[in-house]
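Number of protein chains: 4
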Amino acid sequence: MKKIAMLTSGGDAPGMNAHIRAVVRAAIYNGLEIYGIVGGYSGLIEGNFIKLTRKETANIISSGGTILKTSRSKEFMNAGGRAAAAEQLKENGIEGLICCGGDGTFHGAHALWEEHGVQVVCTPGTIDNDLYGTDYTIGYDTAINTAVQAIDKIRDTADSHGRVFLIEVMGRHAGFIAMDVGISCGAEYIAIPEIATNLDILYQRILKQGKTRRTIIIVGEGDEYGGAAVIAELMKQKYDIEPKVSILGHMQRGGAPTARDRVLASHLGVKAVEALLDGKTDVMVGKSMHDIVYTPLVETWTKKKKIFNYMMELSDILA
Amino acid sequence: MKKIAMLTSGGDAPGMNAHIRAVVRAAIYNGLEIYGIVGGYSGLIEGNFIKLTRKETANIISSGGTILKTSRSKEFMNAGGRAAAAEQLKENGIEGLICCGGDGTFHGAHALWEEHGVQVVCTPGTIDNDLYGTDYTIGYDTAINTAVQAIDKIRDTADSHGRVFLIEVMGRHAGFIAMDVGISCGAEYIAIPEIATNLDILYQRILKQGKTRRTIIIVGEGDEYGGAAVIAELMKQKYDIEPKVSILGHMQRGGAPTARDRVLASHLGVKAVEALLDGKTDVMVGKSMHDIVYTPLVETWTKKKKIFNYMMELSDILA
Amino acid sequence: MKKIAMLTSGGDAPGMNAHIRAVVRAAIYNGLEIYGIVGGYSGLIEGNFIKLTRKETANIISSGGTILKTSRSKEFMNAGGRAAAAEQLKENGIEGLICCGGDGTFHGAHALWEEHGVQVVCTPGTIDNDLYGTDYTIGYDTAINTAVQAIDKIRDTADSHGRVFLIEVMGRHAGFIAMDVGISCGAEYIAIPEIATNLDILYQRILKQGKTRRTIIIVGEGDEYGGAAVIAELMKQKYDIEPKVSILGHMQRGGAPTARDRVLASHLGVKAVEALLDGKTDVMVGKSMHDIVYTPLVETWTKKKKIFNYMMELSDILA
Amino acid sequence: MKKIAMLTSGGDAPGMNAHIRAVVRAAIYNGLEIYGIVGGYSGLIEGNFIKLTRKETANIISSGGTILKTSRSKEFMNAGGRAAAAEQLKENGIEGLICCGGDGTFHGAHALWEEHGVQVVCTPGTIDNDLYGTDYTIGYDTAINTAVQAIDKIRDTADSHGRVFLIEVMGRHAGFIAMDVGISCGAEYIAIPEIATNLDILYQRILKQGKTRRTIIIVGEGDEYGGAAVIAELMKQKYDIEPKVSILGHMQRGGAPTARDRVLASHLGVKAVEALLDGKTDVMVGKSMHDIVYTPLVETWTKKKKIFNYMMELSDILA
């Protein structure tokens, strides 16, 4: 193996740049040439390759986003697009591919292997932490800290006014972000997709705080009611109260990665290169309980990662 | 003069605690007893007084919100409420009152003076910077920095995807926050209430960036269309593009104050106490071009503070 | 069991307040009265007890330091001091004690149990992460992120000038902080107490960067040469270069805790209360690989926690 | 005028990149070609020119350091070096030069004009704020906020232990940073170069706080005793107390610029280009009380900018 390539795809996540840096350095350390594909699978179809060197990745460890850009490619969802992509890899002499992203990215990588025998190793890059086969995904730790810092600010004003706030965080169909953020912010209630949102209990928690004290409620975007704005409307109808709504939004996707995200991204970058050298393919390189774990790509989306039970417990005891 | 009191009212702003600390220390320095009124004008009507000492205000200089809480009191808008408030001050032997807040707060203070002869000095505490008689208000510098930091994160993800973002910031009917934040974030377009929002120019700026590069548009909440969500809808109808929308929301009201806000809050706190001792009343203590300025309360809302022309210029040249 | 107490002792760590909040809420949840001892073991000897309630701990989850203060008590190191402490607990009807701190704190707690049969449960609160029996200590995650953020700033200026920087981080006799921070900052060399510091390799790394590019070297305070200033002096003598030195210092001990530190502190707080209720004593409540672990206090300092081998590997491959 | 160039020189300061971006955009807006000189005056002597475009400066507004690098050039201090520099400008057809830096930079620029008739406009880029002719320098606001945030963390631990801390900040021979930071952090004493440091008063302030409460003392690096470490030693000899010392160091030079620094850097960048077009030379473009001010370079170092008297007052009243 002499030449490999990497791309980032799907939603970007803080730490992707630290990951790119680690892949580049590990590749060079192992005597490989390393190419970056700009623009995810779209860039792959278009043959948008650039040679990556130590110099180009010298100071990116601390920056959010991805220098390789990313996309959600419709063309790649068709067999024709994937055939064109495989052809590009062949033409450019790329013998192994590293794809960093979420489950959409992994579906694509799996198809590349299945249909065209492309040796492909994936790494978990998403703020949502919703991938089986790794305790944490690259970007998750930064996202929860960004949310916590924003909510600390909201609490200042909520506290000064004695207000009720419904704060919506990201996470798609998974409640990891909501749960960690909720515990970290001392939320009075945490609504997550995995559990029915109980408006009566939620309202009881508000009453328990009393009129002069603030109440902070964290809502995962995928909760059964569909987010904070809907719940606020229901609260108004049902209990005649008008909570303030704050949707943290896209800021959760950016920013300088935390130490944990940088270390995780670095570790998985090195191990992804080694996995290619070891002949591994169609797997995600994850990290669980301090060990590197290789999970077949199909399992990453067919098996479901669960929120630890103790988090539910904590949320009730500490509310 | 032996006993004075202070309150915070209206929307809270970062730096109010640094301001309270300074008022307390300046009062003690000048041999006065100082009382805090908890809960703004509502607290005043209810007689919610607490004695403030150096110790209670020892570490609050760095915290957002206000330890005296705040409120928007409906009762105080009636003559009866104000009479009750004046009575409370009299009963408690308070000879002078310092009110920190925005124009609603100032209207109330002015009425207290007009109707009941209460000696009252106001200080500008609002993130919106929309008060005539001071270059900057307490909380403004923190709010723009909070917004800038959030938008830096959004730019990471916008950049990785080449997306168009409409980001809404606070500021009520004034464009100060939008303008400073827009220049600071290198926005391609800045929509403010003071100027007609030109969707065609806005669209041209997006086209100029091109499909693969991100566009950041900052929208002041009081812009003529009514905010980022409305503009996004119009952009879709008119030009068939779908910008992402992010409303920064209440986080802009909280957080540890910046150095400038702490210094301003401290300075105005000391000068407000001195103003009471000097017999001043019915005025706002502000700061303009490094000098302390006393503005009759009525002028603070009848005269209009303007955004510097050079900011408009900068926004065009740098876009 | 009806009445318990808690204290914080030794060096403070971010997350101690989140931990206190969790202990208080878990105690109340379990029907216990909970007292705080102000000033660590010194406060215990003096009988400095205060009753803790939900209200007092309402907003402390996000603040650094410890509302219970801390100390390094010389008196408590004598049998007489400990006898007085045990007497205070007895007089106040305290049936169980939670002590949060590092190994000095644990020695004291162990002696209280051994000599006076006080039921005592410890929790790991130190930024150094040097306690056997838990993967991470409360405060560690915040400390490494504080260091990383400071070094990101230093890298800006190092990069602009092409300078060599020796940056010293805390960690006492353990290299956990240095290692995690070094990997996170893309350091060219990481000096830790566990491994001999090789000045020749260090110098080679500087040469490899070249004259126009910056070099960042992270030094754990307990390294064999005794820190960054000494190494700088040696570099000057040996290789005639003058690296800049920056000692991050005490800022690493403070600040708002990260999400991970808040969740860990909350979890361990709840479990410490449950451990007392279960009759456990003379143990530290830690967390390893997502599970709660109880380690006899003596083992926490006689057994040695090791840095993961893969961190050394990463540091070489990524330098 | 068709072609201009710019460089950054001396100590770097946050906001220099925002300044470069503004110069580039203003140059293009005015129909000029704009070149960057890499490495300050050293780069100028070597002819290290690169053409700058909008694209290259697209996302640098938020980054610390300077993409043009900087240096302290010894060669440029000699007439021969300056002659070579002037020759390079001539050969490359550069008709006007913008130099961003501090007084060393300005001396060099002045000599270029005096000796070789190079049209040169300077802009104030230094964290120290020690330049006559501008209220604030680019980088100053960021530096004081960085220091304040670090000291907020130190206060957490100082408070938990009831310790005395001497914290040294930058500022060279000027006390601007120390004074603004001291007021912002609620320091008990602020030592600055402009005023004799009174150890007895300093000690009285420590005594006033009492044994159980922390004392924060801010020391400007240029104070008469030569910094925090020396004062600590004197305190030990004279009063038998051992304050902790923390030297904030180089982190004060880096990091993402604040909103104010970005706006100032942007404004001065646009005006520097316009100044060249207007035929101005041998001047610094500064900003005072919201107006752009042009100061002959010689005056920037022969006249002395003073700390506002009210800051001294505040420091006494609020201590």
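Residue numbers (our numbering), protein chains in the order written: chain A, 1 to 319; chain B, 320 to 638; chain C, 639 to 957; chain D, 958 to 1276.
Cβ coordinates follow ideal geometry from the N, Cα and C atoms, glycine included.
None of these values were measured; they are calculated from a predicted model.
How would you call residue i, buried or exposed, if buried means at least 16 neighbouring beta carbons within 10 angstroms?
i	result
residue 744/C	buried
residue 1045/D	buried
residue 772/C	buried
residue 438/B	buried
residue 368/B	buried
residue 875/C	exposed
residue 117/A	exposed
residue 1246/D	exposed
residue 59/A	buried
residue 207/A	exposed
residue 1180/D	buried
residue 946/C	exposed
residue 705/C	buried
residue 271/A	buried
residue 571/B	buried
residue 712/C	exposed
Using C-beta distances below 8 Å, list every residue in its chain close to residue i, excluding the 5 sequence neighbours before and after it, in chain order.
i	result
residue 434/B	398, 401, 402, 405
residue 1271/D	1140
residue 318/A	183, 186
residue 594/B	440, 602, 604, 613
residue 461/B	332, 333, 334, 383, 446, 574, 575, 576, 577, 580
residue 1283/D	Any property of residue 1283/D remains undetermined from this structure, which presents chain D solely from 958 to 1276.
List the residues of chain A that residue i touches, going by C-beta distances under 7 Å, in chain order.
i	result
residue 660/C	318
residue 594/B	Those within 7 Å of residue 594/B in chain A number zero; the least Cβ separation is about 25 Å.
residue 952/C	266, 267, 270
Please indicate yes or no: does the CB of residue i lie closer than 7 Å to some heavy atom of the ligand MG?
i	result
residue 1045/D	Ligands displayed in this structure: none; no statement on the ligand MG is therefore possible.
Going along chain B in order, which residues have a C-beta closer than 8 Å to the C-beta of residue i?
i	result
residue 1246/D	608, 609
residue 173/A	Result: empty, since nearest Cβ-Cβ is about 20 Å, beyond 8 Å.
Identify, in the order they occur along the chain, each residue of the same chain with its Cβ nearer than 7 Å to the Cβ of residue i, setting aside the five sequence neighbours on each side.
i	result
residue 1239/D	1067, 1070, 1077, 1253, 1254
residue 335/A	Nothing about residue 335/A can be read from this structure; chain A reaches only from 1 to 319.
residue 732/C	641, 642, 643, 673
residue 490/B	447, 496, 497, 539, 540, 541
Apart from the five residues on each side of it in sequence, which residues of its chain come closer than 6 Å, Cβ to Cβ, to residue i?
i	result
residue 670/C	642
residue 1049/D	1006
residue 740/C	648, 764
residue 1137/D	1101
What does residue i reach in chain C if we use C-beta pairs closer than 7 Å?
i	result
residue 1036/D	Result: empty, since nearest Cβ-Cβ is about 25 Å, beyond 7 Å.
Mind listing the chain B neighbours of residue i? Cutoff is C-beta to C-beta under 9 Å, in chain order.
i	result
residue 215/A	By Cβ distance, chain B contributes nothing, its closest Cβ being about 14 Å from residue 215/A, past 9 Å.
residue 1138/D	578
Starting from residue i, find everything on chain C with Cβ-Cβ shorter than 8 Å and list it in chain order.
i	result
residue 1203/D	887, 888, 889
Determine the chain B residues that contact residue i at a beta-carbon separation under 7 Å, and present them in chain order.
i	result
residue 982/D	636, 637
By the criterion of Cβ-Cβ separation under 8 Å, what are the contact partners of residue i in chain A?
i	result
residue 581/B	The premise fails here: residue 581/B is roughly 15 Å from chain A at the closest Cβ pair, so nothing lies under 8 Å.
Mind listing the chain D neighbours of residue i? Cutoff is C-beta to C-beta under 8 Å, in chain order.
i	result
residue 613/B	Residues of chain D passing the Cβ test: none, with the nearest at roughly 15 Å.
Three-pair Cβ contact test at 8 Å for the segment 1188-1199 of chain D versus the segment 1077-1088 of chain D: The segment 1188-1199 of chain D vs the segment 1077-1088 of chain D: no contact.
Sufficient close CB pairs (3 or more, under 8 Å) joining the segment 927-947 of chain C to the segment 961-980 of chain D: Between the segment 927-947 of chain C and the segment 961-980 of chain D, the count of C-beta pairs closer than 8 Å stays below three; the two stretches do not touch.
The segment 1096-1109 of chain D contacting the segment 1205-1222 of chain D, beta-carbon criterion three pairs below 8 Å: Yes, the segment 1096-1109 of chain D is in contact with the segment 1205-1222 of chain D.
Length at least 4, wholly inside the segment 361-423 of chain B: the alpha helix (DSSP H) runs in chain order: Listed in chain order, the complete alpha helix (DSSP H) runs (minimum 4 residues) inside the segment 361-423 of chain B are 398-410.
Inside the segment 216-279 of chain A only - beta strand (DSSP E) runs reaching at least 3 residues: Listed in chain order, they are 244-247.
The segment 813-832 of chain C touching the segment 995-1012 of chain D, judged by at least three CB pairs closer than 8 Å: At 8 Å Cβ cutoff, the stretches do not touch.
Cβ contact (3+ pairs, closer than 8 Å) linking the segment 162-179 of chain A and the segment 203-217 of chain A: These segments touch.
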